[in-house]
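Trainee:
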Amino acid sequence: MRIKTSEAAVIMGCSPQFVRVAMQQGKLGIGDAVKMSSIWTYNIVPAALAKRQGMTLEELQKKIEEVRNA
32 MRIKTSEAAV IMGCSPQFVR VAMQQGKLGI GDAVKMSSIW TYNIVPAALA
82 KRQGMTLEEL QKKIEEVRNA
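Residue numbers (the numbering used here): 32 to 101.
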C-alpha cells in the first residue's frame, strides 16, 4: 500500500508540509525522504506510520480508505 504525504498528514492531524519537512529532516521515523536532483521523493512505511499512531495495520488501512473516499 502506497501512502501519500497528504494522507499521512490527515491521519496524523497535521499539514502535509509538516510531514514532508519532518521526513526530510529524519524526525518522524515513518519512512524515507530522498532528494533526487531538485525533487524530493517520499516513501512512507505503513507499519511505521501505524506504530507511530498507535494503530494496527488493519486500522491504518481502513483510515486510509476513508481518507481516499472522502
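No residue lacks a Cβ here, since even glycine has one placed at the ideal position from N, Cα and C.
For Gly62, write down the residues that DSSP places opposite it in a beta bridge.
Mentor: According to DSSP, Gly62 bridges with Ile75.
Trainee: Could you tell me the boundaries of the alpha helix (DSSP H) in which Ile42 lies?
Mentor: 36-43 is the extent of the alpha helix (DSSP H) around Ile42.
Trainee: Between Gln84 and Leu91, what straight-line distance do the alpha-carbon atoms span, to the nearest angstrom?
Mentor: Taking the straight line joining both Cα atoms gives about 9 Å.
Trainee: Apart from the five residues just before and just after Ala79, which ones in its own chain have a Cβ nearer than 7 Å to its Cβ?
Mentor: For Ala79, where only same-chain residues beyond five positions count, the Cβ hits under 7 Å are Gly60, Ile61, Gly62.
Trainee: With which residues is Ile136 paired in a DSSP beta bridge?
Mentor: The question about residue 136 has no answer, for the chain in this structure spans 32 to 101.
Trainee: Give the DSSP-derived three-state secondary structure of Gln55 in the structure shown.
Mentor: Helix.
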